[in-house]
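Novice: I am attaching a structure below and will ask some questions about it afterwards.
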Amino acid sequence: MPSKNLSNDAASSFYEFSLADAVITELAQLKSLVVRPSSVIVKYQGMERDPRDAGRELNVSAVLAAGFLRAGDRIRVTAQLLDVATGDMLWSDRIDADSADIITVQDTIAHRIVEGLRLELSPDEKKDLAHPATANADAYDEYLRGRDRMGRFIYHTLAREDVDAAIGHFKRATELDPNFALAWSALGGCYSNLVRKGFGDSEDYHHAEEALDKALILDPKNFEARMHMVFIHLSRGEKQKAREVLSRLRRRNAKRCRRAFYFRRAAPSRRRLRKSPA
């Protein structure tokens, strides 16, 4: 579920979507766990909804409900993992941290979910989960802000100003930490979506490919970057290349690959958004 802004601080509202999105991104790499993508939880943002009701709608066995309170340079995150069928609390935690240390908050939540669900991880999965995406707090802050603006663009507004703002945040994240693979992947995704949503041109696909190539050099297992590359290949009529990338993705995580295609098709297009009633 999107996190609740308990402080009603508008300047911190970007955490509502981006914190949940970051946890989803981290957990989605685990083969033993099926995680619903951000595209299906975004509709609950800003809503007062019983987490178990949402969990039943999403057909999941457990749901994470979290809220955050930011005051000055401190942030408190309260989180509960609930069994959807029984209502039992699988775990709950309160995490107090410096607001600049949001990376630790996200990692703590991800690890507690794994512990609460008693998942058995492979050595590689344990290594990936223990390795933070970046050690640069400012770069991560820019990344979260970018994910929030990109989420608005894809799932709510399809407004050029949102994707432009997201590009700015991701660029700053990569400048602060040139080895931040997730930020490079997200930057490439912005340029790719510019074209796919009817705003950009072939030059934007070129920018997308440059950023995605950088992401894959830094992290060859980056699922998001490879999915964006599939759409770039398809846009150019390079069906064989797209099939080859998809084949590798299916071997690595077939369930995640199917979900990614299903929910990407369900995301609104610019044309459909214009036709929808106000």
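FYI, the numbering for the sequence shown is 741 to 1018, going by the working numbering.
Just so you know, even glycine gets a beta-carbon here, dropped at the ideal spot from N, CA and C.
Quick caveat, the model's predicted, so the values are computed rather than measured.
#1: From which residue to which residue does the beta strand (DSSP E) around Arg852 run?
#2: I'd like to know whether the C-beta atoms of Leu952 and Gly886 end up nearer to each other than 9 Å.
#3: Within the 9 Å Cβ cut-off, does Ile972 reach chain B?
#4: According to the neighbour-count rule (16 or more other Cβ atoms, all chains shown, within 10 Å of its Cβ), is Lys1020 buried or exposed?
#5: Using a Cβ-Cβ cutoff of less than 8 Å, which residues in the same chain neighbour Val782 once the five nearest sequence positions on both sides are dropped?
#6: Does the Cβ of Met787 have 16 or more other Cβ atoms within 10 Å, making it buried, or fewer, making it exposed?
#7: Does DSSP classify Lys961 as helix, strand or coil?
#8: By Cβ distance, which residues of its chain are closer than 7 Å to Asp944, with the 5 residues on each side in sequence left out?
#9: Buried or exposed for Arg1005, going by 16 or more other Cβ atoms inside 10 Å?
#10: Under a Cβ-count criterion, where at least 16 other Cβ atoms within 10 Å of its own Cβ denotes burial, should Glu984 be classed as buried or exposed?
#11: Curious, which full-length alpha helix (DSSP H) runs of at least 4 residues does the segment 792–848 contain?
#12: Please report how far the alpha carbon of Ile853 lies from the alpha carbon of His947, in whole angstroms.
#13: In its own chain, which residues sit with a C-beta less than 6 Å from the C-beta of Phe910, not counting the 5 before and 5 after it?
#14: Are there 16 or more other CB atoms within 10 angstroms of the CB of Thr914, so buried, or fewer, so exposed?
#15: On the three-state DSSP scale, how would you describe Asn919?
#16: Do you know how far the Cα of Met969 is from the Cα of Arg776?
#17: For Pro791 and Ile764, what's the separation of their Cα atoms in angstroms?
#18: Should the segment 824–844 be regarded as contacting the segment 872–885, the criterion being three or more beta carbon pairs within less than 8 Å?
#19: Who are the Cβ neighbours of Asp847 in its own chain at under 7 Å, not counting the five residues just before and after it?
#20: What do you get for Ile849, buried or exposed, if any count of 16 or more other CB atoms within 10 angstroms of its CB means buried?
#21: Can we say the segment 827–842 touches the segment 812–819, given the rule of at least three CB pairs closer than 8 Å?
#22: May I ask you to list the residues that DSSP assigns as paired with Lys744?
#23: Note down the Cα distance separating Gly807 from Asp959, rounded to an integer number of angstroms.
#24: Looking at Tyr755 and Leu884, is the spacing between their C-beta atoms short of 9 Å?
Specialist: The answer reads as follows:
#1: Walking along the sequence shown from the start, residue 852 turns up at place 112. First-last for Arg852: 842–856, but that is the alpha helix (DSSP H), not the beta strand (DSSP E).
#2: Along the sequence shown, one-based indexing puts residue 952 at 212. Along the sequence shown, one-based indexing puts residue 886 at 146. Cβ distance not < 9 Å, so Leu952 and Gly886 don't count as in contact.
#3: In the displayed structure, chain B is absent; only one protein chain is listed.
#4: Not covered by the structure: residue 1020. The range shown for the chain is 741 to 1018.
#5: Indexing the sequence shown from 1 puts residue 782 at position 42. Correct list, in chain order: Pro742, Phe757, Gly891, Tyr895, His896.
#6: Walking along the sequence shown from the start, residue 787 turns up at place 47. Looking at its Cβ environment, which holds fewer than 16 other Cβ atoms inside 10 Å, Met787 is exposed.
#7: Residue mapping note: residue 961 aligns to position 221 of the sequence shown, counting from 1. Note: Lys961 maps to coil in three-state DSSP.
#8: Here residue 944 is taken as the residue at index 204 of the sequence shown, counted from 1. Only Tyr931, Leu934, Val935 meet the Cβ criterion.
#9: Here residue 1005 is taken as the residue at index 265 of the sequence shown, counted from 1. Because Arg1005 carries a pLDDT of 45, less than 50, the predicted location of this residue cannot be relied on, and no value is offered for it.
#10: The residue given as residue 984 occupies position 244 in the sequence shown. Counting Cβ neighbours within 10 Å, Glu984 comes out exposed, since fewer than 16 surround it.
#11: none
#12: Taking the sequence shown and counting its residues from 1, the one referred to as residue 853 is at position 113. Taking the sequence shown and counting its residues from 1, the one referred to as residue 947 is at position 207. Distance between the alpha carbons of Ile853 and His947: 36 Å.
#13: Locating residue 910 in the sequence shown gives position 170, counting from the first residue. Residues of the same chain with a CB within less than 6 Å of the CB of Phe910, apart from the 5 flanking positions on each side, are Gly886, Ala923, Ala926, Leu927 in chain order.
#14: Position 174 of the sequence shown, counted from the first residue, corresponds to residue 914. Thr914 is classed as buried because its beta carbon has at least 16 other beta carbons within 10 Å across all chains shown.
#15: Position 179 of the sequence shown, counted from the start, is the residue given in the question as residue 919. Three-state DSSP puts Asn919 in coil, outside helix and strand.
#16: Position 36 of the sequence shown holds residue 776. Position 229 of the sequence shown holds residue 969. So the alpha carbons of these two residues sit roughly 21 Å apart.
#17: Walking along the sequence shown from the start, residue 791 turns up at place 51. Walking along the sequence shown from the start, residue 764 turns up at place 24. When rounded, the distance between both Cα atoms is 16 Å.
#18: yes
#19: Sequence index remark: in the sequence shown, residue 847 carries index 107 (1-based). Here the set comprises Pro872.
#20: Residue numbering aside, residue 849 sits at position 109 when the sequence shown is read from its first letter. Buried is the call here.
#21: yes
#22: For the purposes of this step, residue 744 is taken as the residue at position 4 of the sequence shown. Bridge partners of Lys744: Gly807.
#23: For the purposes of this step, residue 807 is taken as the residue at position 67 of the sequence shown. For the purposes of this step, residue 959 is taken as the residue at position 219 of the sequence shown. Looking at the two C-alpha atoms, the distance is approximately 31 Å.
#24: The count along the sequence shown starts at 1 and reaches residue 884 at position 144. The count along the sequence shown starts at 1 and reaches residue 755 at position 15. In contact: Leu884 and Tyr755 (Cβ atoms closer than 9 Å).
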